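Following numbering that gives the first Met the number 0, the numbering of the sequence shown begins with 0 at its first residue and continues without gaps.
Heads up: the structure comes next, in structure tokens.
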Amino acid sequence: MAGTSRSLSNFRHLTKKIICVGRNYGDHFKDLNSSIPKSPLLFLKSTNTIIGEEGKIQIPPGCKDLYQEVELAVIIGKKGYKIKKEEANSYIGGYSVALDMTANDFLNNARKEGEPWFLAKSFDTSCVVGSFIPKNELQNPHNIELFCNVNGELRQKCSTKAMIFDIPSLISYISQFVTLEEGDLLLTGTPSGISNVVSGDKIEFGLTDICKSKVFVA
Numbered sequence: 000m001a002g003t004s005r006s007l008s009n010f011r012h013l014t015k016k017i018i019c020v021g022r023n024y025g026d027h028f029k030d031l032n033s034s035i036p037k038s039p040l041l042f043l044k045s046t047n048t049i050i051g052e053e054g055k056i057q058i059p060p061g062c063k064d065l066y067q068e069v070e071l072a073v074i075i076g077k078k079g080y081k082i083k084k085e086e087a088n089s090y091i092g093g094y095s096v097a098l099d100m101t102a103n104d105f106l107n108n109a110r111k112e113g114e115p116w117f118l119a120k121s122f123d124t125s126c127v128v129g130s131f132i133p134k135n136e137l138q139n140p141h142n143i144e145l146f147c148n149v150n151g152e153l154r155q156k157c158s159t160k161a162m163i164f165d166i167p168s169l170i171s172y173i174s175q176f177v178t179l180e181e182g183d184l185l186l187t188g189t190p191s192g193i194s195n196v197v198s199g200d201k202i203e204f205g206l207t208d209i210c211k212s213k214v215f216v217a
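See the structure below:
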């Protein structure tokens, strides 16, 4: 596992796909006025979306309503297909914290028209990923606290205990349909508190008492 951790510390260059989970926190349903899904709601972000703290979030042309969504990211440690839930933990290589930036006006229009979410979710710089957290440094990923501040104001704060579908369930479910590969990112959903950000805003996000990252909106 030590060798795996060393190779995954540069995971951004290994990632082939970013699989995101929507509506995975109960309190987020109050924001969306929607019902709890019976199975995970999944969508993809392309790898061109990934930036670290050194980058800046670019607002896509025509977007008037850009939202920040903080999420625990799982980094897949080895290739797997049709993974059993009880074996899913062995496929985790590490963790990070990510911002799933969303062009909310694009998303609302896509939902209204029954169109794909691609432009709303996969524009350049829309996946801000923090530093690598080795698996052994996060003993219980289902009992940590996500947070997100914008210009020093708390916008999101929630324990991962509130996840509807836990990480092993997500890994097992996704792998029934899609082969997971080393370096792939699984964004496990965002809690309530998503909100509009604008040019010049500073976004700080992370895990309480564990890690913090920051990024600016260009």
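Backbone N, C-alpha and C define an ideal beta-carbon position, used for all residues, glycine too.
Remember, it's a predicted structure, so these values are computed and weren't measured experimentally.
Can you pull the DSSP bridge partners for residue i?
i, result
"residue 100", "Residue 100 pairs with nothing; no bridge assigned."
"residue 24", "162"
"residue 133", "93"
"residue 204", "147 and 212"
Tell me which same chain residues have a C-beta within less than 6 angstroms of the C-beta of residue i, skipping the five on either side of it?
i, result
"residue 103", "64 and 66"
"residue 137", "94"
"residue 87", "167, 170 and 171"
"residue 215", "55 and 201"
Ordered along the chain, which non-local residues of its own chain (more than five positions away) have a Cβ less than 7 angstroms from that of residue i?
i, result
"residue 175", "81"
"residue 71", "94, 96, 140, 145, 159 and 187"
"residue 209", "143"
For residue i, which three-state DSSP category applies?
i, result
"residue 50", "strand"
"residue 7", "helix"
"residue 195", "strand"
"residue 87", "helix"
"residue 176", "coil"
"residue 170", "helix"
"residue 269", "Residue coverage of the chain in this structure runs from 0 to 217, which leaves residue 269 outside it and unanswerable."
"residue 55", "strand"
"residue 44", "strand"
Identify, in the order they occur along the chain, each residue of the same chain with its Cβ nearer than 8 angstroms to the Cβ of residue i, setting aside the five sequence neighbours on each side.
i, result
"residue 142", "158, 159 and 160"
"residue 180", "15, 16, 75 and 78"
So, under 8 angstroms CB-CB, residue i and residue j are touching, yes? Tell me the CB distance rounded to an integer number of Å.
i, j, result
"residue 131", "residue 8", "5 angstroms"
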